[in-house]
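In full-length UniProt numbering, the protein residues as written are 1 to 414.
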């Protein structure tokens with residue numbers, strides 16, 4: 001009588017994988033991944049992952065282990081990107097005495113090795129998710145004796161008013177080289193099941209506190225209102241240049257007129273009003289208003305088009321499209337594609353040289369000379385900068401293209 005060989009189940013479809021991790025995956029990206037790895041790619045997401053399981057279970061152990069590296073890498077990207085479209089960023093200072101300065105210092109501080117502290121519970125069949133955030137992934141990127149980066153994933157079960165209970169994922173990067181923390185969040189409304197809300201300020205306070213306790217990573221302020229102004233200035237000024245040059249050709253006449261009026265009205269010109277410049281921009285404004293559709297088209301030809309802004313007066317007021325607290329992440333912005341909005345705020349913004357919020361439609365190039373628009377909002381809270389990819393799930397490619405762009409504006413002179 002022949003012995004019956006029981007087929008080994010290698011890839012287990014746990015409740016977490018099927019009910020929580022799989023819904024997080026972008027359908028198109030999942031299909032593309034399956035095609036690239038040679039798995040069946042037709043059917044619903046549930047069918048796809050079941051067919052992938054069948055193929056994985058049939059593999060020899062060595063091939064299975066190699067393939068699972070790719071599978072986990074795919075799902076890691078799905079947690080980090082897709083619906084985790086809000087990234088809050090803040091700097092920290094690191095000295096030679098800090099735990100993350102070197103592997104030796106960190107292991108002495110923690111009392112365990114980096115290998116012991118690296119783990120993934122993605123495919124742990126016993127994983128249970130509760131209403132409290134629990135860490136399900138941690139990895140360390142190292143070079144020689146240096147720690148380059150620490151990456152973590154936290155997850156919890158939470159119920160929001162508009163959807164049934166779901167898993168909420170938070171991805172954290174501690175970039176030791178850049179001395180910067182990046183926390184990737186989902187865009188969630190007010191939850192109805194737990195006290196800790198999923199909005200940026202609440203998440204910042206919660207996780208910056210965790211990192212400070214765990215790694216002695218102390219957050220530094222991240223005032224970025226000047227950087228957002230520099231983005232606004234660069235992305236709008238080139239479209240204004242054609243009209244500004246026309247008026248500049250009459251600069252001597254504007255200067256003469258200004259001087260005559262100052263003398264006639266017996267005004268003291270101490271420079272605080274910059275009368276000549278204001279008169280010049282009255283004419284620039286009129287030229288642009290007479291040609292506003294063309295002006296907007298010129299803006300569309302650049303790397304990014306400013307869609308809207310939120311500006312705080314130094315006296316405490318706010319320019320925005322509705323009333324509300326400036327600390328509320330839902331507060332609306334002023335649509336700069338309306339003539340009056342564009343011009344009525346420009347002078348105040350240039351005087352202040354600060355912006356609280358700006359929304360930009362970035363253009364990114366795709367293969368085959370195609371382009372894609374990525375609508376992105378930036379908000380300069382006092383402790384952190386918020387980058388929010390709007391409208392649609394963000395891919396790794398779009399993130400890698402758009403997210404670093406703000407660094408170039410930080411370098412520009414004010």
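Note that beta-carbon positions come from the ideal geometry of N, C-alpha and C, so glycine has one too.
Contact annotation: the segment 143-150 touches the segment 90-107, with at least three C-beta pairs closer than 8 Å. With distances taken between CA atoms, residue 214 lies nearest to 110 out of 110, 262 and 94.
The C-beta distance from residue 125 to residue 46 rounds to 18 Å, too long to fall under 8 Å, and the pair is not in contact. Annotation: the continuous beta strand (DSSP E) that includes residue 386 extends over 385-389. Of the candidates 84, 17, 129 and 343, the residue whose Cα lies closest to the Cα of residue 290 is 343. Residue 373 is bridged by DSSP to 363.
Under the three-state reduction of DSSP, residue 84 is assigned to coil, being neither helix nor strand. In terms of Cβ geometry, residue 385 and residue 224 form a close pair [threshold 8 Å]. In the DSSP assignment, residue 148 falls within the unbroken beta strand (DSSP E) covering 146-158.
Counting C-beta pairs with one atom in each stretch, the segment 72-90 and the segment 184-198 have three or more that are closer than 8 Å, which means they touch. Taking 4 residues as the minimum length, the alpha helix (DSSP H) runs contained wholly in the segment 16-100 are 27-37, 45-58 and 61-80, in order along the chain. Residue 115 carries a helical assignment under DSSP once its states are collapsed to helix, strand and coil. With a cutoff of 8 Å on beta-carbon distance, residue 134 and residue 155 are scored as near each other.
Shortest Cα-Cα distance from residue 99 to any of 131, 217, 404 and 119 involves 217.
Per DSSP, the beta-bridge partners of residue 120 are 137. Between the segment 295-305 and the segment 361-375 there are three or more C-beta pairs closer than 8 Å, enough to call the two in contact. Counting other Cβ atoms within 10 Å of its Cβ, residue 38 stays below 16 and is therefore classed as exposed.
Taking 4 residues as the minimum length, the alpha helix (DSSP H) runs contained wholly in the segment 178-259 are 200-215 and 225-248, in order along the chain. For residue 173, no alpha helix (DSSP H) segment is defined; the enclosing uninterrupted segment is the beta strand (DSSP E) at 166-175.
For residue 103, the enclosing alpha helix (DSSP H) starts and ends at 103-110.
In the three-state scheme derived from DSSP, where H, G and I count as helix and E and B as strand, residue 307 is classed as strand.
Excluding residues up to 5 positions away in sequence, 302 lie with their Cβ nearer than 7 Å to the Cβ of residue 238 in the same chain. In the DSSP assignment, residue 143 is bridged to 146.
Less than 8 Å separates the beta-carbon of residue 171 from that of residue 79. Between residue 229 and the set 12, 412 and 174, the nearest pair of CA atoms involves 412.
In the three-state DSSP reduction, residue 131 falls in the coil class, being neither helix nor strand. DSSP, read as helix, strand or coil, puts residue 348 in helix. With a threshold of 16 other beta carbon atoms within 10 Å, residue 128 falls short and is exposed.
DSSP places residue 294 inside the alpha helix (DSSP H), whose first and last residues are 292-300.
Across the structure, residue 409 and residue 22 are spaced so that their CA atoms are roughly 37 Å apart.
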